[in-house]
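Residue numbers (this note's numbering): 31 to 162.
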């Protein structure tokens, strides 16, 4: 039996390691997808807020040509890279939740080559489990 890497992809990307015995085994926090985009738009003079937050099919190339597409792609790639690095250090099962999970799921499955369990209600399910 091994631990679990819980990836909560929301405003903040939270990576939490849970050991095989169920105890907290450390974690990482990073700016989430939307927060990265807002920070770029608000903290620089030349970058505008971007919408939509979801990547368009033509933006899936590694180096987009359009500025807003480059912002979206760069933010997404940074999150996937952090999760990939965490998984390399702790090659445990990955449980993914949070508002940005559907956007990250295909890239994670493609790049990690392992099953990523998407559990949209993971936090609520865990809370119910704790009180029952």
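Cβ atoms here follow ideal geometry from the backbone N, Cα and C, with glycine treated the same way. Because the structure is a prediction, the values reported are computed rather than measured.
Counting other Cβ atoms within 10 Å of its Cβ, residue 124 reaches 16 or more and is therefore classed as buried. In this structure, the alpha-carbon of residue 141 lies about 21 Å from that of residue 59. Under the three-state reduction of DSSP output, residue 41 falls in the coil class, being neither helix nor strand.
By the neighbour-count criterion, in which 16 or more other beta carbons inside 10 Å mark a residue as buried, residue 39 falls on the buried side.
Close CB contacts of residue 45 within its chain, under the 6 Å cut and outside five residues either way in sequence, are with 37, 57, 58, 116 (chain order). Setting aside the 5 residues that flank it on each side, residue 110 is surrounded in the same chain by 134, 137, 138, 141, each with a C-beta closer than 8 Å to its C-beta; the list follows chain order. Counting only unbroken stretches of 3 or more residues, the beta strand (DSSP E) elements lying wholly within the stretch 31–115 are 34–39, 42–48, 54–61, in sequence order. Distances from the alpha-carbon of residue 31 to those of 104, 81, 148, 49 put 49 closest. In the structure shown, residue 144 adopts coil according to DSSP, grouped into three states. As the crow flies, the alpha-carbon of residue 43 is around 19 Å from that of residue 33.
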